[in-house]
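Chains as they are written, first to last, in the working numbering: chain A, 38 to 620; chain B, 784 to 914; chain C, 12 to 608. Read through the structure below, which is laid out as C-alpha cells, and then see the notes.
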C-alpha cells in the first residue's frame, strides 16, 4: 500500500507511505513547532536526530508521545498535535532547554534572529521552574568562527553540516549526559582542527552557540579614522541577500541600495568584488587554456582537471584532506584577494595613498573570507591586502546601527576603476557561476569566435554534483560542478582513483554556492531562500550589457596600464598563490 | 580432533566424550580419584580462586592423591567465593565456600583423605534441567 | 578414611545462626558424647540451605532426613531417636502445606529447591575452556538438530511456542523477533549478541559467557540458521576480559570442530562469529545505540522504527538478543517448547536469572522459574536480610526499574506483574534494601547513575534527569520544599512521556516508585527536616546533653572543624553552623553525652 490514511487534529489526511507526521501535518496547514529538525529540500540535507523533543505529538494508542519529525504516519493513526498533554510536555521540555542556557539575550549576537528565542516566545515561556546547574565551557575563538558552547542545545544541526554535508568531521557530540556538547574532538579549539571555516555550522545554528567573529567594531574604527582611506568591495552574493536583513523578500536584488548604504556609512570608495571576479576569469581561464593546450599537445605531466580556487574553505579543505593534490587547483587567488592586491598597488598608486593608509574592507557572504584575508601569503610587510572581511549579516547590523533607512535608499552606482563588472562576475555568487563565466571567456579566447549563446542552462541548478560537456568548436570540454564539500570529496576521490574525465571542475564549499554562504542572512532551514537568491543573480547577469569578463573595459585597461597580460610575471606575483600541506 | 561432519558424528562424539570424562573420573583407581572443580569466573578469581586452584594442585600432588583439578564457571554463591566442588569417588559432589589456603588444607586432610565433612559446606539449592 | 556412619548438617547461614544454630550444634555434640558416638557421628555447620523461612535446618546424612525449625531443646530427641534408634522425629519434619503430610524426602529434598538452572545449566559444571565437556552435556546437539532435522520455520516456531521473551529487559517475544528478521528480504543479515551488561549489580551475562560460552555460540548459530544470517557479532564490554578470553577460546574450538565456519555438520550452512568491543556505556545496551557503537559511531540511540530487524548493523536486517536469552535457546530446541513453557507463568515462560545484591545474606546469582515470589527469592534463596535487619525495599530492573516494598513480597515475579506495580524485570538485578536505607537517597543514587550514563542526545534525559537529581539532592540536604515532591512527579511524567529511548523513558521510575511507596519518607525530609533512615547527613543533628557532659574535652579535641567549644570540666557545646556531621564526637564521647537527632 502506497498511501496512508490518518487523521491529524480530527482532520483526515492522505499521504504517501514514508511521510512523517510533521510533513503530513504541514501539508494541511498544521504547524508543529520544531527546534532541532532542519530540512533543506532539494539540497538533500536533513537533520533529524529526534533529540530536542519539542515536536512531540500525541498518537492515539501509544504509551508515550511521538516526535513528529521522525515518526512515520501509519494507516489509521489518530494524531493530536496540540492537546494539553502535548503542550504541557512541550513547554516543560522548552523550560528544561532554557534551564541550561545562558540568559545572555541582551548581548547575544543571535538575539532577534534566534530560533530558540522564537520558540520560547511561541510556547509562552515566562518562568523556568526547573533551575539548576548550567553548563559552562571555554569560549573558542578562531579567525572566523566563535563557539560559545554554553549556548549549545545539542540540536546537532552543525554536526550534520560538518559531517554529512561537508565531510569535514570537526564537530561532533562529545561527552555524555548533562556534559554532552558538540565540539571538536578532545575539546580542541577550532583553529587546531581541520575546520575549513565554511561557516555552514554558523548558518544553521539555532542559537548563538556558533557565530562569526564580529569585526564591525574594527570597521567602525577605520571609518572614523581621518588618516585612513577606507574602501570597500562587495561580493556578488551579497546583493541578492542583504535585503532580507531589512524584511525584503528573498531574492530581491539590492545592488544600488547596497552601494548607497555603503557610501552613507562613509566608505571613501565603493567597489565591486565582481570586478575582481572578472579578473579571476582572465587569470584562471588563461590557466585552464594553457593546461588544456599542453594536454592537447601530448604533455603527460600537465594536471587536469583544473579546479577552481575562489573559495577559501575549499582551499583549506584540500590543504588538509588532499594535500597530495595541491598542484591541481588553479593558482589564481580568490576575487577577494585579487581585489585586495590590486587595490593596495594599482589603486593606491592611482589615489596617491600609502599602502598603510589604505584600508580595504570586504563585504562577504562568507565567514571563511575572514580567515582567508589573514593568511600570511596575502600580506606585504605584515599589512594585509584585505584588512577586514565582514559578512552580509554584519553589514546589515552596521546599516541598522547607523539608522539608515535601507529600503528608502536610492540606487547608486559603484565607483571606478574597480567597480565595473560583467554579468560573468555577478554569477560567481552561485554554484555553477564561476565555471559558466570561465566558459564564456575561455571559449572565445580559444576559438577566437563569438559565443552563439551566453546562458548555459546545463551548468545551472541545485544538484549537488553536475556535469556537462561544452563544445569548444569541435573540442568537447567536460565540466564538473560540485557544491558542498562532501560532493567535492566525491569528485576528488575520482581524480585520485584516476577515474575523472573532467577538464575543469568548479567547487564551492557551501550548498548553493556563495548565495548559501555562512555569512548570509539566516535561511532558517528554508531552501527556497537559496533558490530565490540564485535566480536574482542570473537576473542581474541577464540585465548587464557586458556579460563576458574579457569584455569588461576596466579589466582591459588594468592589463594595459598595469599587469600586461594574464599570467604575466606581475599578474603571477599579485594574482596567484601557492597552497600548503596542512596535515 | 578433526571436524565433526554430521549430526550423527556429533552424537557419537557426545557418547565418546561422556565415556572419556567418566573414564577420567574413574581412571585406574576408581576408589581413589578425586575430582575438584574450582569456580573460576571473575567473581571467584577476584576472591583468590587462582591461588586456591594452584594450591589445590600443589597440595594434592604433594600428598600423592590421585585427583583431577579443573576450572569451571560461576556456581552462583558469590557471597562465599572462592567456591570449590569436591567429588569423592561414588559420592555426591560437595561444595565448599570461602576456600582459602587454610581451607584447602582442611578439605584435603579431613574430607578428601578421611571423608569427614567440615564446616562451610554450601548445600546445593537448585534443580538442574536433568532433574 | 574415618568411618563416620552419620553426618548431621546444621545450617550455619546468617538467618539460622540468629536462631541459635550454634547452640543446637553444641547440644547435638553434647548428646553425641553422652551416647559415646563421637567416632560414628559428626556434626557439621554448613552454609545457607536457602530455606530460611523454616530454619534452623538440620539435615541428617546419609538418609537425607530434613528437620526444620529445630530448637536447641530438640537436640536430645534427634540424637536419642534418630541417631541411636534410627527413627526420624516426625514433629520436626517439614509439613507439605498442600498435603499436610510430613515430608522426609530422602531423594534430595527437592521441595526446598526453589531454583531451576536452565540458562545457568552448565555454569559451575563444566570447564568452559573445554568444548568436550560442553558436548558431553548436549552442547551443539540443538544446532545439529536444527540444521539436520528442522526447517528454519520449524525452529522459529519452537522458539515462538516456548514463550521465551527477551531477558535483557524489554521482554519482547524472541521467536517473533526472529520471524520478523527472517521475513525481511536481504542478501546480508546479522545476528548480534548483546553482551553489554550494564545494570548496577547485574552480572548474569558475564557469568554465562565465562562459564558456558558454547551455549551462546550455539544459540547464535541457530538464530543465524533461522533468520538467514551467516555472520554473528558479539558486542561485549571490554571490561569483561575473562569473558572475552573464554569466548575467543570457545569460538576457536568450535571452529576446529567445524561447529562454526563453512558447511557446518555437512549441511551447507555457514556461520562465523566475531567480537566487537564496547566501552561499557550503559546506553549501548539499547539495541540501536549498540549498533551505532559497533559501526564506529557515537553510541546513542536513534528513533525506532526502523527496528534493527529491518535496518540494523550497516543498514542490514539484524537480530539482537541478549546473552541470557540466547543461553535458553539450545535447551528449548533439545527439550522442546512444551517442556520450556511448562515452567513459569501464563505470559512469562521459563526461568529468570537474578543477581542478588545489597543487604541480603546470600549475595549471588540465582535462577528461578518465572512466578517465584520476591519473598521466596529474598528469604528462601537469598537467606534473608543481613544482620537480622528489617526488609525495606527491593529494586528490580536496575536504574530503569522501581522499588518494591513489603506489600509486594508475595507477587509472583514475571514481566507483567512487575510492570503492573511500577517496576520492571530489566536484566535481573535485584538490590535489597533494609531499614537503614533512605529511599530518597536510593532514588538519587539511581538518578546519578542515569545521569552518568545518559548519552545526552534528547533534552528530557540530558537536562530533565539532571534537574530531577538536583531536586533530590536538595531534599537530601535538607533544603527541600513541600512542592518539590509535586515538581519531581510532574517532571518525571514529562520525561517518561518525551524521552527518546528506553533509558530516558524509564529513568524516573526509581523516583516515582519511591515517592509512591515511601511518600512519608519524602515528607519527613521536606516537612520535618528529618531522614528517618538516618542516612542523609545534612539532616542529622548532634547535640551535647549538658547534664551528661563531664567536660572531659575529648570531643573538643577530636572535632575536625573546631565546632565544639567549652571549658574543661564544664559542659561543651556544638556550633551547628560549623558542624559537618562527621559523628566523631558521638563516637568518642565516653559518657553518652552526645546525642543524635
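Glycine is no exception: its CB is placed at the ideal position from the N, C-alpha and C atoms.
Sequence-distant residues of its chain with Cβ nearer than 7 Å to residue i (five each side left out)
i              : result
residue 544(A) : 344, 345, 348, 351, 519 and 525
Min CB distance residue i to chain C below 8 Å
i              : result
residue 788(B) : yes
residue 795(B) : no
residue 901(B) : yes
residue 831(B) : no
residue 107(A) : yes
residue 319(A) : no
residue 863(B) : yes
residue 90(A)  : yes
residue 102(A) : yes
residue 212(A) : yes
residue 835(B) : no
residue 61(A)  : no
residue 43(A)  : no
residue 818(B) : no
residue 800(B) : yes
residue 229(A) : no
residue 909(B) : yes
residue 335(A) : no
residue 217(A) : yes
DSSP-derived helix/strand/coil call for residue i
i              : result
residue 793(B) : helix
residue 476(C) : helix
residue 597(C) : helix
residue 341(A) : coil
residue 207(C) : coil
residue 454(A) : coil
residue 619(A) : coil
residue 184(A) : strand
Where residue i falls, given that 16 or more other Cβ within 10 Å makes a residue buried
i              : result
residue 126(A) : buried
residue 223(A) : exposed
residue 506(C) : buried
residue 126(C) : buried
Chain B within 8 Å of residue i, Cβ atoms only
i              : result
residue 288(C) : no
residue 392(C) : yes
residue 277(C) : yes
residue 56(C)  : yes
Heavy atom of the ligand NAP within 7 Å of residue i beta-carbon
i              : result
residue 503(C) : The ligand NAP is absent from the structure shown, which contains no ligand whatsoever.
Close-in-space but distant-in-sequence residues of the same chain around residue i (CB under 6 Å, 5 per side omitted)
i              : result
residue 265(C) : 228 and 271
residue 254(C) : 217, 220 and 221
residue 60(C)  : 22 and 68
Cβ shell of residue i (< 8 Å), same chain only, five flanking positions each side left out
i              : result
residue 567(C) : 575, 576, 577 and 583
residue 173(A) : 187
residue 829(B) : 864
Contact list for residue i against chain D, beta-carbon separation under 7 Å
i              : result
residue 136(A) : This model lacks chain D altogether, as its protein chains are A, B and C.
Contact belief for residue i with residue j at Cβ below 8 Å, rounded distance in angstroms
i              : j              : result
residue 5(C)   : residue 396(C) : Absent from the structure is residue 5(C), since the part of chain C shown begins at 12 and ends at 608.
residue 105(A) : residue 41(A)  : Their Cβ separation, rounded to whole angstroms, is 15 Å, which puts residue 105(A) and residue 41(A) out of contact at 8 Å.
residue 454(C) : residue 483(C) : 6 Å
residue 72(A)  : residue 45(A)  : Not confirmed; about 20 Å, so no contact.
residue 512(C) : residue 297(C) : 5 Å
Chain A within 8 Å of residue i, Cβ atoms only
i              : result
residue 401(C) : no
residue 463(C) : yes
residue 443(C) : no
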